[in-house]
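Asks: Protein chains in written order, with the numbering used here: chain A, 29 to 139; chain B, 50 to 162. Got a structure for you, written out below as structure tokens; questions coming shortly.
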């Protein structure tokens with residue numbers, strides 16, 4: 029069974045703080061993804077990575093950065109959190125060409 | 050870039066009613082298509098997928114979907130819903146030679162017992 033884990037289920041941060049969201053997968057997948065999920069908007073792709081140290085911008089990369097130093101780990105970084113980044117963040121992984129497997133999500137609240 | 054439209058935001062059905070959720074995508078090339086489900090408090094799970102071959106695909110829990118290429122559609126169906134099908138359903142598309150996927154806005158299904 030594929031397992032994608034995320035470091036926190038719930039997180040509360042203050043405006044301006046630097047925030048790290050971590051994702052780990054245990055199936056040796058090449059590809060990893062970060063989405064945010066908002067009511068009525070579905071899932072929107074922030075960044076993805078198809079290999080270690082490689083990254084590609086998704087549809088809404090502004091205000092975010094990512095890091096992939098090891099194949100199994102993909103981090104999402106909010107350099108200076110803002111209230112409009114309050115959301116559910118979902119991590120996913122996949123083998124090339126195949127479906128994505130999702131983690132449980134991190135609900136981030138920025139106050 | 051591809052985009053995905055799900056026509057219904059919230060569908061309310063009684064148990065045993067039939068279900069059809071619409072999904073249309075915009076992309077001119079070869080695509081792979083997916084339906085994911087998110088039960089309350091749980092993570093997204095794959096319901097079914099289409100890669101090639103028979104355009105009528107069957108998934109878990111009695112769901113099926115039909116790919117109609119001429120209509121750029123991939124509608125989800127179930128002949129008889131159960132209360133436990135209450136969830137949010139997401140259609141997704143990726144181009145054949147890419148790995149990034151695009152999702153629809155989701156359809157919330159409420160099944161009344």
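Built from N, CA and C at the ideal position, the CB exists for glycine as well.
Less than 8 Å between CB atoms is the rule here; does residue 92 of chain B satisfy it with respect to chain A?
Replies: Taking Cβ atoms only, chain A reaches closer than 8 Å to residue 92 of chain B, which makes this a yes.
Asks: Pull up the CB-CB distance for residue 125 of chain B and residue 62 of chain B, whole angstroms please, since I reckon it's below 8 Å.
Replies: About 13 Å; that fails the 8 Å criterion.
Asks: Does the distance from the CB of residue 128 of chain B to the CB of residue 116 of chain B come in under 8 Å?
Replies: Cβ atoms of residue 128 of chain B and residue 116 of chain B: not closer than 8 Å.
Asks: Pull up the CB-CB distance for residue 103 of chain A and residue 50 of chain A, whole angstroms please, since I reckon it's below 8 Å.
Replies: Indeed, because the Cβ distance is near 5 Å, the residues count as touching under 8 Å.
Asks: Can you tell which of B:57, B:67, B:106, B:88 has its C-alpha closest to the C-alpha of residue 68 of chain A?
Replies: The shortest Cα separation from residue 68 of chain A among B:57, B:67, B:106, B:88 belongs to B:57.
Asks: Could you tell me which chain A residues have their CB closer than 9 Å to the CB of residue 120 of chain B, listed as they occur along the chain?
Replies: None at all; the shortest Cβ gap to chain A is about 21 Å.
Asks: At which residues does the beta strand (DSSP E) containing residue 139 of chain B begin and terminate?
Replies: Per DSSP, residue 139 of chain B belongs to the beta strand (DSSP E) from 136 to 144.
Asks: Between residue 130 of chain B and the rest of its own chain, which residues show a CB-CB distance below 8 Å, the 5 nearest in sequence each way excluded?
Replies: Result list for residue 130 of chain B: 62, 64, 65, 66, 67, 68, 158, 160, in chain order.
Asks: According to DSSP, is residue 117 of chain B part of a helix, a strand, or is it coil?
Replies: Strand.
Asks: What are the residues in the region 97 to 108 of chain B lying within 9 Å of chain A by C-beta distance?
Replies: The residues in question are 98, 100.
Asks: Does the separation of the CB atoms of residue 74 of chain B and residue 139 of chain B fall below 8 Å?
Replies: No.
Asks: Which residue from A:59, A:80, A:108, A:54 puts its Cα closest to that of residue 93 of chain A?
Replies: Comparing Cα-Cα distances from residue 93 of chain A to each of A:59, A:80, A:108, A:54, the minimum goes to A:108.
Asks: From what residue to what residue does the beta strand (DSSP E) around residue 123 of chain A run?
Replies: No beta strand (DSSP E) holds residue 123 of chain A; DSSP gives it neither H nor E.
Asks: Which residue wins for smallest C-alpha separation from residue 83 of chain A, given the options A:90, A:96, A:119, A:71?
Replies: Answer by Cα proximity: A:96.
Asks: Measure the CB-CB distance between residue 130 of chain A and residue 52 of chain A and report whether it falls below 8 Å.
Replies: Contact: no.
Asks: Secondary structure at residue 113 of chain A, three-state DSSP: helix, strand or coil?
Replies: Three-state result, residue 113 of chain A: helix.
Asks: Am I right that residue 151 of chain B and residue 53 of chain B are in contact with their C-beta atoms under 8 Å? What's the rounded C-beta distance?
Replies: Going by Cβ atoms, the distance from residue 151 of chain B to residue 53 of chain B rounds to 5 Å, so yes, they are a contact pair.
Asks: In three-state DSSP terms, what is residue 109 of chain B?
Replies: The answer is helix: DSSP assigns residue 109 of chain B an H, G or I state.
Asks: Would you list the residues sitting across from residue 126 of chain B in a DSSP beta bridge?
Replies: Answer by DSSP bridge pairing, in chain order: B:69, B:113.
Asks: Between residue 92 of chain A and chain B, is there a C-beta pair that is closer than 8 Å?
Replies: It does not: the Cβ of residue 92 of chain A has no partner Cβ on chain B nearer than 8 Å.
Asks: If we ignore side chains and look at the alpha-carbon of each, how far apart do residue 36 of chain A and residue 132 of chain A end up?
Replies: Approximately 9 Å, taken between the alpha carbons.
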